[in-house]
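Position 19 of the sequence shown, counted from 1, bears residue number 27 in our numbering, the numbering being contiguous throughout.
Reviewing the structure listed below.
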Amino acid sequence: MTAEILNPQEQKGANADDGILSLVRTDVIDMVAYQSARREQSGGNVWLNANEQGGNNVYTQAIEQLNRYPDFQPSALIQAYADYAKVQSRQVLATRGADEAIEVLIRTFCEPNKDSIVICPPTYGMYAISAKGHLTNVKTVPLNRERQLDIAALATQIGSCKLVFICSPNNPTGDLINQNDIISTLDMFLGKALVVVDEAYIDYCPEASCVELLEKYPNLVILRTLSKAFGLAGLRCGFALANSTVIELMSKIIAPYPIAKPVADIACSALASDATLLLKRQIKQTITLRQDIAETLARLPWVENVFPANANFILFRVMNIKICEQLFSEMSRNGVLIRNQSKQLTLENCLRVSIGSADELAEFKRLLTGFVPDN
Ligand SMILES: Cc1ncc(COP(=O)(O)O)c(C=O)c1O
């Protein structure tokens with residue numbers, strides 16, 4: 009914690025340029041973060057300050073130091089992700105997946121029964137669910153016909169929300185959100201709300217990242233994860249990237265030991281430079297497979313539209329709801345699970361398929377090309 013945040017009175021004016029302290033829940037400003045043993049003290053060689061079991065036990069022989077609580081934010085992991093994302097380590101908070109970052113942001117900035125977030129559907133469902141779980145109002149500003157931000161409609165929310173969630177590439181449409189529109193949104197909401205750009209799928213198109221905007225916009229938060237391109241969904245490791253004031257405020261709300269030691273170790277290995285070379289190769293493979301599935305879909309007479317894909321999934325629209333349901337059932341009867349997105353705003357008759365392994369997609373393709381809709 010910086011002295012500034014622990015002493016809000018002295019802070020006034022010092023950081024007034026970033027406006028973040030006028031957005032955060034007022035009780036969080038005065039809140040002192042839980043001082044876990046690991047956060048309060050470092051060094052020493054006899055650790056008797058955290059009620060841990062001394063020495064390894066039968067369960068932990070294989071992995072050293074599981075009798076100890078991990079660091080609050082393991083420094084090797086934070087540095088490794090900061091290097092990968094090309095930001096400063098003080099701009100990174102490691103979380104249990106991007107989902108936890110969403111929840112911590114809402115808990116940090118939104119007062120229950122009072123504050124609101126804005127979402128731009130069709131989009132990822134957890135923004136609304138986390139908000140509702142925290143008794144926070146959800147305002148919807150749907151994407152426009154081009155599935156881009158409706159800037160004029162967003163402008164009507166200035167002053168009446170704390171967080172604006174934008175997902176790019178967007179799940180489930182697969183679209184990138186125009187960066188100029190994100191910049192307009194950041195400008196409009198500067199000092200009024202944080203703009204949270206969820207980049208869970210950005211590793212498939214890193215050139216589209218908003219990360220460079222962090223320098224200019226104190227109201228920008230970027231969400232990242234190891235669950236997608238890194239192939240580590242089971243690990244539960246994600247990150248919030250933001251200016252250090254936001255990171256420090258979120259650090260007051262998140263659990264005291266969010267990142268388990270084996271998680272940090274595996275995540276560090278995945279972020280090592282030789283592993284990120286492998287990652288790039290895997291991403292290329294995913295894009296090749298994606299192209300093949302998109303072309304296959306586009307050739308089918310009952311497929312009306314294949315949405316432009318920028319991540320590891322493809323959204324496609326079939327001609328009517330009957331075909332949509334038939335195809336979905338046919339796939340699931342054969343053990344191939346895809347996602348029916350028809351209930352999402354503007355996504356009638358739409359299905360989403362993830363770009364899995366070559367073998368998984370071969371099975372999907374076999375069923376797809378053998379499928380005959382009965383009219
Ligand atoms: C857009 C988006 N954001 C966040 C998440 C959650 O990611 P994580 O596994 O890191 O919690 C997902 C998961 O599907 C997602 O699609």
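Glycine included, each C-beta is placed from N, C-alpha and C at the ideal position.
Computed from a prediction, not measured in an experiment: that's the story for all the values here.
By the criterion of a C-beta distance shorter than 8 Å, A90 is surrounded in its chain by Q96, S97, Q99, V100, once the five residues flanking it on both sides are discounted.
Under the DSSP assignment, N188 falls in the alpha helix (DSSP H) whose first and last residues are 187-197. As far as DSSP is concerned, L162 takes part in no beta bridge. With fewer than three CB-CB distances shorter than 8 Å, the region 299-318 does not count as touching the region 186-203. With a cut-off of 6 Å, the C-beta of G182 is classified as distant from ligand 1, since no heavy atom of the ligand falls inside that distance. DSSP, read as helix, strand or coil, puts L234 in coil. Residue state for I363 is assigned as coil, using DSSP reduced to three classes. Under the DSSP assignment, F324 falls in the beta strand (DSSP E) whose first and last residues are 321-326. Under the Cβ criterion (8 Å, minimum of three pairs), the region 259-267 does not count as touching the region 227-239. Residue state for F336 is assigned as helix, using DSSP reduced to three classes. Judged by beta-carbon spacing, R104 lies within the 7 Å limit of R244, meaning their Cβ atoms are closer than that value. Under the Cβ criterion (8 Å, minimum of three pairs), the region 73-82 does not count as touching the region 210-219. Within 6 Å of the C-beta of S176 there is not a single heavy atom belonging to ligand 1. If you compare the alpha carbons of E60, Y77, L113 with that of A248, the shortest gap goes to L113. For F372, the three-state secondary structure derived from DSSP is helix. A distance criterion of 6 Å places the beta-carbon of N179 in contact range of ligand 1, judged by its closest non-hydrogen atom. Here the alpha carbons of N75 and L56 stand approximately 12 Å from one another. The beta carbons of L375 and L297 sit about 16 Å from each other, so the pair does not count as a contact at 8 Å. Between L279 and Y92, the gap from beta carbon to beta carbon is short of 7 Å. Straight-line spacing of the CA atoms in V314 and K288 works out to 25 Å. N348 sits close to L359, with the two beta carbons spaced by under 7 Å. Annotated three-state conformation of D26 is helix, per DSSP. Just so you know, the alpha carbons of A319 and A139 end up roughly 25 Å apart. Here T164 is exposed: its Cβ has fewer than 16 other Cβ atoms, across all protein chains shown, within 10 Å. Residue T253 holds the alpha-carbon nearest to the alpha-carbon of F117 among T253, G343, P381, A102.
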